[in-house]
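Numbering (my numbering), first residue to last: 11 to 818.
To start, the structure under review is shown below, and the notes come after it.
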């Protein structure tokens, strides 16, 4: 059955393959035009592509383990509330944005915790009301061994910077105005601000802790030399080497008017020499407001400015420059795959709390107080040790909430953390495949759609397939993304597939289905449905004459069916149900191997292999079908035995020969069948099983065609009534390699005895069979040959030639 259906599909492809290729090419061209030309449809496609991207990455890149490289220190709502509720904290640090002595405490504590680096996902471009705080914070940064990196924003009102020259030495680090350096931020406090026994300020647990009234009132301009524009440019820019494509410009394109250039906003000068590096922290969002992609550096037309994660990674990896060449980003010895224009998709891997260990700012601030008192901080020893700490806002009131594929309201710090984790970790961003590769997928999907629908012509599939493309295309591109980190366009193939599907459905229903329906209505009353389908595919009307075709005929019959049916003479309906069950099970086994059911004659089944669908391996199929039918009957025997029904089994005959096959009958009624000597021999072989005690008997030509695939026993040489030529018949036992050892020994003993029998050495043949007969006492052919040897040993037949006659 499956073979017949496959042939119909191949015939439809052969008849219409040019139309299918044309429709697929046209659908691909239309989809590509929408992608390249844009417009309103292109805008819809971009929006659909973004949605498909989100679905793909959340399905196939989420649920990753927490990062071993990055920890997030969150400025969360509990921190804001806790600092506001603590009178001493509120007096020392104020309200958000906090005074810089708070960040000095955080730096000191993170250094004590063994942090690898600190990244501040914010900017410090406004001076404190007390310049001494800025100076003391800078001094803490200079003294700490932990690198500290700060964000830089851009603005259209900022002053352009001159070209940075990296050949001149950097500006001197800031120093305290006195000769003695400030050892820590606490050393910058007046003595009356240090803790004393009489202090009534309370630590988080009720103990006293240092009181920070204020930093020394120092005029910054008197403490430090001014930072020149050239020095500021060297601090904010970074050496960048690019090939084959320019950097992305710091330009905003408003809805109306000309593009507006933006420039970096300069941080306060006192921090320039104290920071280990600066990086851009501007939003990088798609038109729908989602963060999905990042570029690693931008240019204002004069200098190249790295984003904050790139600057941090360059510092930690010891890279003296950033190289962007083709589809590769290089930082020192590390290389990363990027898109052709120099950007990539961000591999978030999940929501913030799923991907990163998140600690509260208040926890670290409290830990500093407890450590200053010589008490345990309450932080696990490995929380920050050896990790990069990214400080960023997590509270809703800080207005740093962004949308990502994993969350519609994610803190902006998740972007910096995710990009930095990739740069320091596995190095695999989400890159977009080249357009030609996506177009190949587009064509494959379009061609698959049109071939599938135009060959099957199945209405439910015509409805379900476009819907499946729309909902499930990410299941095709997703595994590729998970395996390689490469994102193939997903909405574009879906669009092409739907366009091809619409064209295929139109073709089916306007042309092919109209002709097919006419033929079905005309001939379904006289022919089997599968023959009608073949006739439609071949576009040929049935003929009454037929043709000569080599086929394998299958005949089966239930042994002793008359005796079996006597049990049900009082209840014939039960007999009909049993017979229907038998015919259904046997027919199903034959149909699975591609057999064509010819007819049922009572309990007998006639089946053809190799017609009407041509099957070069018809003999092998027939043997497999016969063995499968025997197994079904064996299972039925067990079921009947459990129900107390009489035992029964089937005898089967197979024969391969050229027979006359076609539609035979009258103008009023005809049926598809085969006639010829080959069919007669198959019927006689089925009946001959009774004399030999076998179950499946096959003719000589069947054996020759299938001998490489089956295990057999040579039963005898027989002469059919009306024929003078003898033929060798075989018992089909199993498929190749499936015969058990005991049966193989039985067969070898039988062949040895058969050779003696053909030499008329009947007593010796009987002795061979008797010698080990008890090892397989139920073997029918052994018993039949043994009885014949005993008979001929007592009364040898005249003119014995070793050939038996099949009279019936």
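Beta carbons: idealized from backbone N, C-alpha and C, even for Gly.
Can you list, in chain order, the residues of its chain with a C-beta nearer than 7 Å to that of residue i? Leave out the 5 residues immediately preceding and following it.
i	result
residue 124	394, 395, 396
residue 484	62, 65, 66, 69, 500
residue 148	184, 280, 281, 284
residue 704	725, 741, 790, 791
residue 427	80, 82, 366, 400
residue 362	82, 368, 420, 421, 424
residue 134	160, 277, 278, 281
residue 475	459, 462, 463, 511
I need the boundaries of the beta strand (DSSP E) containing residue i, first residue and last residue.
i	result
residue 849	Lying outside 11 to 818, the shown extent of the chain, residue 849 is not represented and no answer is given.
residue 340	338-341
residue 305	303-305
residue 558	557-568
residue 402	398-403
residue 721	720-730
residue 447	Careful: residue 447 lies outside any beta strand (DSSP E), inside the alpha helix (DSSP H) at 445-466.
residue 353	353-355
residue 610	606-611
Using a Cβ-Cβ cutoff of less than 6 Å, which residues in the same chain neighbour residue i once the five nearest sequence positions on both sides are dropped?
i	result
residue 193	For residue 193, the predicted model reports a pLDDT of 32, less than 50, meaning its position is unreliable; a value from the coordinates is still stated below. Excluding sequence neighbours, residue 193 sits near nothing in its chain.
residue 143	109, 110, 111, 225
residue 295	301
residue 87	405
residue 762	778
residue 560	668
Return the residue from the list the options that minimises the CA-CA distance to residue i.
i	options	result
residue 350	428, 316, 289, 256	256
residue 571	585, 295, 600	585
residue 371	402, 361, 567	402
residue 243	708, 282, 688, 731	282
residue 633	58, 600, 28	600
residue 819	22, 269, 284	What the structure shows of the chain is the stretch from 11 to 818, and residue 819 is not part of that stretch, so it cannot be assessed.
residue 85	105, 490, 628	105
residue 420	358, 676, 442, 458	358
residue 439	368, 326, 305, 328	305
residue 576	657, 646, 617	657
residue 432	798, 794, 74, 33	74
residue 120	391, 335, 445, 713	391
residue 382	707, 115, 597, 683	115
residue 614	565, 580, 581, 628	565
residue 816	736, 769, 759	736
Helix, strand or coil, according to DSSP, for residue i in the structure here?
i	result
residue 291	coil
residue 79	coil
residue 37	helix
residue 631	helix
residue 5	Look at the range of the chain in this structure, 11 to 818, and you will see that residue 5 is not part of it.
residue 807	coil
residue 669	strand
residue 176	coil
residue 788	coil
residue 473	helix
residue 421	strand
Where do the ends of the alpha helix (DSSP H) carrying residue i lie?
i	result
residue 93	87-95
residue 599	582-602
residue 508	501-517
residue 251	Not the alpha helix (DSSP H): residue 251 falls in the beta strand (DSSP E), residues 250-253.
residue 139	Neither: residue 139 is in no alpha helix (DSSP H) and is coded neither H nor E.
residue 362	362-365
residue 242	239-246
Could you name the residues of the same chain whose beta carbon sits closer than 8 Å to that of residue i, not counting the 5 residues immediately before and after it, in chain order?
i	result
residue 99	92, 93, 375
residue 780	796
residue 495	347, 357, 438, 439, 440, 441
residue 127	156, 157, 158, 159, 286, 322, 325, 326, 398, 399
residue 332	248, 249, 250, 251, 306, 307, 314, 316, 320, 324, 339, 340, 341
residue 435	77, 78, 79
residue 776	763, 796, 799, 800, 803
residue 31	457
If you pair each beta-carbon of the stretch 309-325 with each one of the stretch 257-275, do three or more pairs fall below 8 Å? Yes, they touch.
Three or more C-beta pairs under 8 Å: does that hold for the stretch 336-346 against the stretch 404-417? Segments in contact, no.
Is the stretch 689-702 touching the stretch 655-665, taking contact as three or more C-beta pairs under 8 Å? A contact exists between the stretch 689-702 and the stretch 655-665.
Pairs of beta-carbons, one from the stretch 32-39 and one from the stretch 452-463, closer than 8 Å: are there three or more? Contact between the stretch 32-39 and the stretch 452-463 is present, because at least three Cβ pairs lie under 8 Å.
Between the stretch 687-696 and the stretch 588-605, do at least 3 Cβ pairs fall closer than 8 Å? Result no; under three Cβ-Cβ pairs closer than 8 Å.
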